[in-house]
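Residue numbers (the numbering used here), protein chains in the order written: chain A, 582 to 677; chain B, 364 to 723.
These notes are about the structure you will find just below.
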Amino acid sequence: METLLISCAVGLVIAFVVSFSFRAQLKSVHFQNEASSYLREDSVNVDERSEYYTYSTRSVRSNGNVSGKNTINAHGGFDGPGGFGGPGGPGGSIGF
Amino acid sequence: MSELKEYKCPCCGGGIEWNAKAQKMKCPYCDTEFEPETLLQYDKDLSKLEDDDLTFENEANAGWSEEEQNKMNLYVCQSCGGEVIADNTTSASSCPYCGNPVIMKGNLSGDLKPDYVIPFKYDKKAAKAGYQKHLSGKFLLPKVFKDENHIDEIKGVYIPFWLFDSDVSGNVIFDATKEIVHHREEEDIIETKHYNVIRGGSVSFDNVPVDGSTKMDDALMESIEPFEFKEAVPFQTAYLSGFLADRYDVDSEASKKRARERIIESTISEFKDTVTGFDSVTTKDTSLKFSKGNVKYALYPAWILNTTWQGKKFTFAMNGQTGKFVGDLPTDKTKFGGLFGVTFVAITIIMYILLKLMGM
Numbered sequence: 582m583e584t585l586l587i588s589c590a591v592g593l594v595i596a597f598v599v600s601f602s603f604r605a606q607l608k609s610v611h612f613q614n615e616a617s618s619y620l621r622e623d624s625v626n627v628d629e630r631s632e633y634y635t636y637s638t639r640s641v642r643s644n645g646n647v648s649g650k651n652t653i654n655a656h657g658g659f660d661g662p663g664g665f666g667g668p669g670g671p672g673g674s675i676g677f
Numbered sequence: 364m365s366e367l368k369e370y371k372c373p374c375c376g377g378g379i380e381w382n383a384k385a386q387k388m389k390c391p392y393c394d395t396e397f398e399p400e401t402l403l404q405y406d407k408d409l410s411k412l413e414d415d416d417l418t419f420e421n422e423a424n425a426g427w428s429e430e431e432q433n434k435m436n437l438y439v440c441q442s443c444g445g446e447v448i449a450d451n452t453t454s455a456s457s458c459p460y461c462g463n464p465v466i467m468k469g470n471l472s473g474d475l476k477p478d479y480v481i482p483f484k485y486d487k488k489a490a491k492a493g494y495q496k497h498l499s500g501k502f503l504l505p506k507v508f509k510d511e512n513h514i515d516e517i518k519g520v521y522i523p524f525w526l527f528d529s530d531v532s533g534n535v536i537f538d539a540t541k542e543i544v545h546h547r548e549e550e551d552i553i554e555t556k557h558y559n560v561i562r563g564g565s566v567s568f569d570n571v572p573v574d575g576s577t578k579m580d581d582a583l584m585e586s587i588e589p590f591e592f593k594e595a596v597p598f599q600t601a602y603l604s605g606f607l608a609d610r611y612d613v614d615s616e617a618s619k620k621r622a623r624e625r626i627i628e629s630t631i632s633e634f635k636d637t638v639t640g641f642d643s644v645t646t647k648d649t650s651l652k653f654s655k656g657n658v659k660y661a662l663y664p665a666w667i668l669n670t671t672w673q674g675k676k677f678t679f680a681m682n683g684q685t686g687k688f689v690g691d692l693p694t695d696k697t698k699f700g701g702l703f704g705v706t707f708v709a710i711t712i713i714m715y716i717l718l719k720l721m722g723m
């Protein structure tokens with residue numbers, strides 16, 4: 582019975598995805614959110630860049646699911662080089 | 364008298380207090396703790412933000428000359444109220460928006476004359492081919508819809524657009540996160556680190572179009588974009604020969620809002636692209652200023668086809684400059700149900716056999 586239920590659930594999901602992807606072919610009218618086609622060439626100038634750590638949240642996941650409400654366990658503070666961000670972490674310094 | 368400074372929690376926006384036990388600043392609402400230095404920097408960044416200043420200046424537009432007015436006729440649709448312009452050599456008999464008859468109304472006195480026009484590059488034959496291509500390869504399109512031939516009613520129409528130029532400068536603050544998963548025996552601890560990311564700079568936009576006709580669906584017109592303004596030429600009535608031109612009924616002032624929205628979204632997107640190394644990046648706040656803004660009035664070419672099927676109106680449009688064809692099509696509900704059912708049964712059977720073979 583469990584096998585049949587799992588098979589039906591997978592069948593439903595895939596049938597939903599396949600049918601609606603075919604239906605999406607019929608829709609071609611959408612608002613454009615941006616105006617990127619009208620950007621002046623070489624006009625993008627980002628001269629101020631800074632980023633710093635503010636806080637952390639923690640959640641617990643058991644058996645592949647996130648369980649319970651997020652618990653906040655935060656430590657504010659700036660990252661030094663190789664500090665909180667750790668290897669591969671975002672720069673973590675102010676005004677680089 | 365000293366002024367009490369209240370810091371807002373970057374996490375939930377609540378007022379933050381000093382917590383003596385933790386020896387840190389702590390939010391009483393979400394319990395998040397912060398080092399005082401973090402909040403000082405955060406507050407400094409927020410105080411740098413000014414309200415968005417997003418204004419355009421108008422470029423002076425000229426009206427039609429008497430000679431030009433004498434060459435043009437204004438027609439109005441008795442059914443939908445749509446107004447179209449055609450020169451003396453072009454007779455307008457039916458409305459490009461609803462297909463009903465139009466009657467001559469008068470001249471264009473008081474109207475602004477377009478500054479620019481992009482001439483049609485695709486003819487009616489190409490528009491018909493575009494329509495046929497648009498219908499092909501669509502499995503769920505009702506066959507009857509394909510068979511009903513409305514294609515000869517396709518019309519070349521110049522659509523009025525307001526074109527906005529602007530330089531944008533300012534700052535955008537993002538909330539960026541990085542997830543670290545600590546694996547335990549029975550559970551995983553997911554730690555999400557939040558970072559305040561600031562990007563400042565400038566971006567310039569030229570000729571962002573907003574359609575100036577209420578009769579023309581805004582989403583349809585945005586769907587046939589982009590238009591290449593470099594091919595625009597100063598307006599002359601001769602370009603209207605053989606085509607209709609929609610008369611604008613939304614002025615540049617009313618169109619600014621849409622131009623602003625798109626310019627702001629693009630500016631945020633450009634700044635966001637420079638934020639790398641995080642798992643998620645969300646826009647938190649903006650302080651943007653528009654400068655050197657001006658507005659032009661132009662006519663852009665489009666082939667329009669209206670058709671009604673089972674009581675519902677369908678409008679198709681082709682960009683007369685690039686050939687891009689758009690228009691929503693109806694769904695054959697029987698085919699849709701059949702596709703859903705067959706896929707569901709087939710996948711369920713395959714999954715059932717596979718799971719049984721795996722011993723489940």
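The beta-carbon is built from N, C-alpha and C at its ideal position, and this holds for glycine as well.
Asked	Found
By Cβ distance, which residues of its chain are closer than 6 Å to B:Ser586, with the 5 residues on each side in sequence left out?	Val689
For B:Asn433, count neighbouring Cβ atoms within 10 angstroms of its own Cβ and tell me buried if that reaches 16, exposed if not.	exposed
Going by other Cβ atoms of all chains shown within 10 Å of its Cβ, with 16 needed for buried, is B:Cys375 buried or exposed?	exposed
If we ignore side chains and look at the alpha-carbon of each, how far apart do B:Glu588 and B:Val447 end up?	22 Å
Going by beta carbon distance, what residues of the same chain come within less than 7 Å of B:Tyr479, once the five residues before and after it are set aside?	Ala595, Val596, Pro597, Phe598, Lys659 and Ala661
Less than 8 Å between the C-beta atoms of B:Ala622 and B:Phe527, yes or no?	yes
Pull up the distance between the alpha-carbon of A:Val625 and that of B:Lys387, whole angstroms please.	40 Å
Counting contacts by CB-CB distance shorter than 8 Å, is A:Leu585 in contact with chain B?	yes
Helix or strand or just coil, what does DSSP make of B:Ala661?	strand
Output the boundary residues of the beta strand (DSSP E) element that contains B:Gly519.	Lys518 to His546
Could you tell me which of B:Tyr485, B:Asn436 and B:Thr646 sits nearest to B:Glu561, measuring between CA atoms?	First, the residue type needs correcting, since residue 561 of chain B is Ile and not Glu in the sequence shown. Of the candidates B:Tyr485, B:Asn436 and B:Thr646, the one whose C-alpha sits nearest the C-alpha of B:Ile561 is B:Thr646.
With C-beta atoms as the reference, is B:Ser650 less than 8 Å away from B:Asn559?	no
For B:Ser365, would you say it is in contact with chain A, using Cβ-to-Cβ distances shorter than 8 Å as the test?	Residue placement at B:Ser365 is poorly supported in this model, since its pLDDT is 43, which falls under 50; the coordinates still yield a value, given next. It does not: the Cβ of B:Ser365 has no partner Cβ on chain A nearer than 8 Å.
Unbroken alpha helix (DSSP H) runs of length 4 or more, entirely within the stretch 600–632 of chain A: which are they?	none
Considering only the beta carbon of each residue, do B:Asp450 and B:Ser604 sit closer than 8 Å?	yes
Measure the beta-carbon distance from B:Phe483 to B:Pro664 and round it to whole angstroms, keeping in mind my assumption that it falls under 8 Å.	4 Å
What's the C-alpha gap between B:Val507 and A:Thr584?	42 Å
Is any beta-carbon of chain B found at less than 8 Å from that of A:Ser588?	yes
How would you label B:Asn463, buried or exposed, when you count the other beta carbons within 10 angstroms and need 16 or more for buried?	exposed
To be precise: take each residue of the stretch 627–643 of chain A, compare its Cβ to all Cβ atoms of chain B, and keep it if any distance is under 7 Å. Which residues remain?	Val627, Asp628, Glu629, Arg630, Ser631, Glu632, Tyr633, Tyr634, Thr635, Tyr636, Ser637, Thr638, Arg639, Ser640, Val641, Arg642 and Ser643
So with CB distances below 9 Å, who are the chain B contacts of A:Ser602?	What A:Ser602 touches in chain B: nothing, since even the nearest Cβ is about 10 Å away.
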